[in-house]
Amino acid sequence: MNGSRPVKATAPQTMSGALCPSPLPAGESVLLGHGSGGKLSAELIHEIFLPTFDNPALALLNDQAMVSVNGIRLAFTTDSFVVKPLFFPGGDIGSLAVHGTVNDLAMGGATPLFLSAAFILEEGLPLDTLRQISASLQEAARACGVAVVTGDTKVVEKGSGDGLFINTSGIGVVHHDLALSAGNARPGDKVLVSGPLGDHGIAILAQREGLALETAIQSDSAPLHNLVAALLATGASFRCFRDPTRGGLASTLNEIAAQSQVGIELQEHRVPVREQVRGACELLGLDPLYVANEGKLVAIVKAEDAETALGALREHPLGREAEIIGTVINGPAGRVTVRTTLGTARMLDMLSGDQLPRIC
Amino acid sequence: MKYLDEYRDERIARMLVSQIRETAARPWVLMEVCGGQTHTLMRYGIEDLLPAGIELVHGPGCPVCVTPLEKIDRAIALAMRPEVILVSYGDMLRVPGSRNDLLRAKAAGADVRIVYSPLEAVTIASAHPDKAVVFFGVGFETTAPANAMAIWEAHRAGITNFSMLVSHVLVPPAMRLLLGSPSNRVQGLIAPGHVCTVMGYREYEQLSADFCLPIVVGGFEPVDLLEAISMLIAQLEHGRAQVENQYVRSVTCDGNLPAQRAVERVFTPCDQKWRGIGLIPHSGLRIREEYAAFDAEKVFPFATGAAIEEAPDCISAQILQGLKKPTDCVAFAERCSPSNPLGAPMVSSEGACAAYYQYRRHAAHAGEPRP
């Protein structure tokens, strides 16, 4: 349950001081919530990483950096995978490590070419597990048409890791000249999602120790570069693509709204969520809009091209259940609102820390 | 999804709203007791649908919010002991104690685990005989049967390394205190549907009679709450004061008798401190003497330190008593947010402050007409 996407905080200057813009108190240490893709992750990025590594490519905070070498546009990204359990319904850490990085490249409209794979192994990991995961990683890479051209191995003492962590970096080439960026959404644009949300997060959660939850939900882990290519081939005016991984749709839309200085309004009844995922979320006290996905994309497209884009999505096997779920509005910058089934409005905020299971 | 979609149905909701508008001739102040109900009211913007004169104030029914600071500190102190595995429901982890919370204790190396059922804590205890496993047993009447069953099960299975740090609270004594207070404004009560699923609603009949107060046992979906509000307003406008049950698909008059017996077997009523409210006589549950070996407060020594104070800015006391709204607080969404809560109501999704923060922090878009 992770993604590489740098997480952008909603713009503090427009939020009436609603965020906590103060630095992390001195002596504070890292909490699990810093990895949730929500507000705490955004705080780390804005308070430590961005000021330290400041450069124009990073500052755009997209899923991938766009760089030019001798006139060729390249997309470059990296992602680390710490998913537990290593094998889950619908995939494993090996295939996920390919899909995650391929998707980060795909969201820039790039054709993925090369991957690196770095393995951090914990002493005692069965070699057979490593063999299976490597084979799965290679099979996923082959299916995506990318080659794993370099790698690294490190071993840590027993107790210092969780079996196996993988980092992959990826390079792709960009053939189009569209400016795809989370900062490009304009009022009137439509928000599309390629299919039902929350499958990956719930599939993982159902496998976790201590949760005797039996579901048939499979992770949606899948490479999206062909879907993006099909969308770009329509010639529709896309503003940006994002894959709503950690932090779910809510975090992705908050990032787009903040980076584009616009509002976004979602129609709750339009957002596709499988019945089983809804049921599991009801039971566990989670909101599917915050649950991770690993094979879905959000597209922002000019209003008049929305139906074309929807048609193209639905023609592709990974986009059959796509929907138009909302509109970019001229509202307060950075604010995402949801029209409920009752016709009332509520805010859709970024996640503060992890979603905690509630008591009753 | 059956049992959910029909209770979130726009058509039925609109019908109930018109019914409320037709019936309500005067302004009324209603209180929903349970934090789960507060959460639904905020999430669906139900106040925006009601006539202006109908005010909803939010009750003390958020279990993590009313757990006393000292108990949180005790849980943290237990978690920091190297031999202890501290097991808890998820939303207790971020509740601030006097200096720390369980999430930070976990980051500092404490073995803190989240479960959905206290019986899982018993399983952890039997899997780790070399550790002392302590379950942080908090909540209202709703969680009491499962907590009682965990102790009973550990007793039955002869598990000696399991104990429970108990902070159980009971709704009716707290409501009696709030309703009897001179500052009380509440004219009608939405009783907590899950508490009543366990306990039934006989105790609420006495409350209704004593305070001449209309009470409707309500569910947790938007249609449930609109129907409960409609039933309360009908009672108020017609001068009736009785207990009615809106949540008939779950609640009966006598409640769940086997669950009540499990609670009685293991727990006994005690005076209980409520965070933000104070000591309320007979408003809590403690472990009976027969099960003292499972009472973490008897198994482990605790230092009795000086009185611990809340953050000075936090008005959670008035919020938990329905006297103020989260937006009345100067710290709300400024110095106090779910990432940095000053008081417990900002922590749990059932806390009124967190619900306002999450869904209603910008009042500007409340009440906008549908496009």
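For the record, the sequence lines run as chains A and B. Positions in the first sequence are counted from 1; adding 227 to them yields my numbering. Positions in the second sequence are counted from 1; adding 1079 to them yields my numbering. All C-beta atoms in this analysis are idealised placements derived from N, C-alpha and C, irrespective of residue type, glycine included.
Are the C-beta atoms of residue i and some chain A residue less than 9 Å apart?
i, result
"His1137(B)", "no"
"Met1080(B)", "yes"
"Glu1134(B)", "no"
"Pro1301(B)", "yes"
"Asp1333(B)", "no"
"Ala1186(B)", "yes"
"Gly1297(B)", "no"
"Gln1098(B)", "no"
"Gly1363(B)", "no"
Taking CB distances under 9 Å as the criterion, tell me whether residue i reaches chain B.
i, result
"Pro559(A)", "yes"
"Lys266(A)", "yes"
"Asp532(A)", "no"
"Leu511(A)", "yes"
"Gly506(A)", "yes"
"Gly260(A)", "yes"
"Glu270(A)", "yes"
"Val257(A)", "yes"
"Ile562(A)", "For the record, residue 562(A) in the displayed sequence is Arg; it is not Ile. Taking Cβ atoms only, chain B reaches closer than 9 Å to Arg562(A), which makes this a yes."
"Pro250(A)", "In this prediction, Pro250(A) has a pLDDT of 32, which is less than 50 and means its spatial position is unreliable; what the coordinates show is noted afterwards. Cβ-Cβ to chain B under 9 Å: no for Pro250(A)."
Out of curiosity, what's the CA-to-CA distance linking residue i and residue j?
i, j, result
"Pro353(A)", "Ile360(A)", "11 Å"
"Tyr1086(B)", "Glu502(A)", "16 Å"
"Arg300(A)", "Val325(A)", "21 Å"
"Ile347(A)", "His261(A)", "21 Å"
"Val1277(B)", "Ser1167(B)", "21 Å"
"Pro283(A)", "Leu1358(B)", "58 Å"
"Ser408(A)", "Leu287(A)", "8 Å"
"Glu1232(B)", "Glu1343(B)", "15 Å"
"Arg466(A)", "His403(A)", "13 Å"
"Ser249(A)", "Phe276(A)", "With a pLDDT of 30 at Ser249(A), under the threshold of 50, the modelled position of this residue cannot be trusted; read the value that follows with caution. Their Cα atoms are separated by approximately 16 Å."
"Gln434(A)", "Ile1164(B)", "22 Å"
"Asp470(A)", "Glu495(A)", "19 Å"
"Leu578(A)", "Leu1172(B)", "16 Å"
"Asn557(A)", "Ser1428(B)", "30 Å"
"Leu251(A)", "Met1310(B)", "Legend: pLDDT at Leu251(A) = 34, less than 50; position of this residue unreliable, value from coordinates given subsequently. Each residue's alpha carbon lies about 48 Å from the other."
Nearest to residue i by alpha carbon, out of the options?
i, options, result
"Val1327(B)", "Asp1152(B), Pro1271(B), Met1254(B), Ser1246(B)", "Pro1271(B)"
"Ala519(A)", "Asp306(A), Ser263(A), Lys381(A)", "Ser263(A)"
"Gly1297(B)", "Val1274(B), Thr1102(B), Leu1286(B), Leu1315(B)", "Val1274(B)"
"Ser1177(B)", "Glu1162(B), Ala1156(B), Asp1190(B)", "Ala1156(B)"
"Ala507(A)", "Leu424(A), Pro278(A), Val401(A), Asp331(A)", "Leu424(A)"
"Ala368(A)", "Glu255(A), Tyr517(A), His452(A), Gly475(A)", "His452(A)"
"Val1096(B)", "Thr1119(B), Met1121(B), Pro1130(B), Tyr1195(B)", "Pro1130(B)"
"Arg1319(B)", "Phe1290(B), Leu1083(B), Arg1340(B)", "Phe1290(B)"
"Leu1128(B)", "Gln1351(B), Phe1381(B), Leu1304(B), Val1194(B)", "Leu1304(B)"
"Ile1366(B)", "Val1245(B), Met1228(B), Asp1170(B), Gly1138(B)", "Val1245(B)"
"Glu1101(B)", "Val1112(B), Gly1132(B), Cys1349(B)", "Gly1132(B)"
"Asp1152(B)", "Gly1267(B), Ile1125(B), Asp1180(B)", "Asp1180(B)"
"Ala430(A)", "Ser487(A), Ile398(A), Gly522(A)", "Gly522(A)"
"Ala1211(B)", "Ala1158(B), Ala1253(B), Pro1139(B)", "Ala1158(B)"
"Gly399(A)", "Lys417(A), Ala456(A), Ala533(A), Val563(A)", "Ala456(A)"
Can you list the residues of chain A that residue i reaches, using a CB-CB cut of under 9 Å?
i, result
"Pro1424(B)", "Within 9 Å Cβ-Cβ: nothing; Pro1424(B) doesn't reach chain A, min ~14 Å."
"Ala1092(B)", "Thr568, Leu569, Gly570"
"Arg1087(B)", "Thr567, Thr568, Leu569"
"Ser1246(B)", "Within 9 Å Cβ-Cβ: nothing; Ser1246(B) doesn't reach chain A, min ~12 Å."
May I ask you to list the residues that DSSP assigns as paired with residue i?
i, result
"Asp319(A)", "Phe314(A)"
"Ile1231(B)", "The sequence as given places Trp at residue 1231(B); Ile does not occur at that position. Answer is none; Trp1231(B) lacks a bridge partner."
"Asp379(A)", "Ala345(A)"
"Ala572(A)", "Arg566(A)"
"Asp306(A)", "Thr395(A)"
"His1361(B)", "Bridge partners of His1361(B): none, in fact."
"Leu419(A)", "Ala526(A), Ile551(A)"
In chain B, what lies closer than 7 Å to residue i by C-beta?
i, result
"Ser263(A)", "By Cβ distance, chain B contributes nothing, its closest Cβ being about 11 Å from Ser263(A), past 7 Å."
"Asp576(A)", "Gln1437"
"Leu459(A)", "Correct list: empty, because the minimum Cβ distance to chain B is about 31 Å."
What does residue i touch in chain A if you count any residue whose Cβ is under 7 Å from its own?
i, result
"Asp1127(B)", "Thr571"
"Arg1178(B)", "The contacting residues do not exist; Arg1178(B) stays about 12 Å from chain A at best."
Report the neighbours of residue i on chain C: residues whose CB is nearer than 9 Å to its CB, in chain order.
i, result
"Leu1083(B)", "Among the protein chains of the structure shown, namely A and B, there is no chain C."
Can you pull the chain B neighbours of residue i, defined as C-beta to C-beta under 9 Å?
i, result
"Glu502(A)", "Met1080"
Run down chain B in chain order and give the residues with a C-beta less than 8 Å from the C-beta of residue i.
i, result
"Leu493(A)", "Going along chain B, no residue has its Cβ under 8 Å from Leu493(A), so there is no contact; the nearest lies around 13 Å."
"Ser579(A)", "Ser1416, Pro1417, Ser1418"
Against residue i, what residues of chain A qualify as contacts under a CB-to-CB distance less than 8 Å, listed in chain order?
i, result
"Leu1182(B)", "Leu258, Leu259, Gly260, Gly580"
"Gly1124(B)", "Thr567, Leu569, Thr571, Ala572, Arg573"
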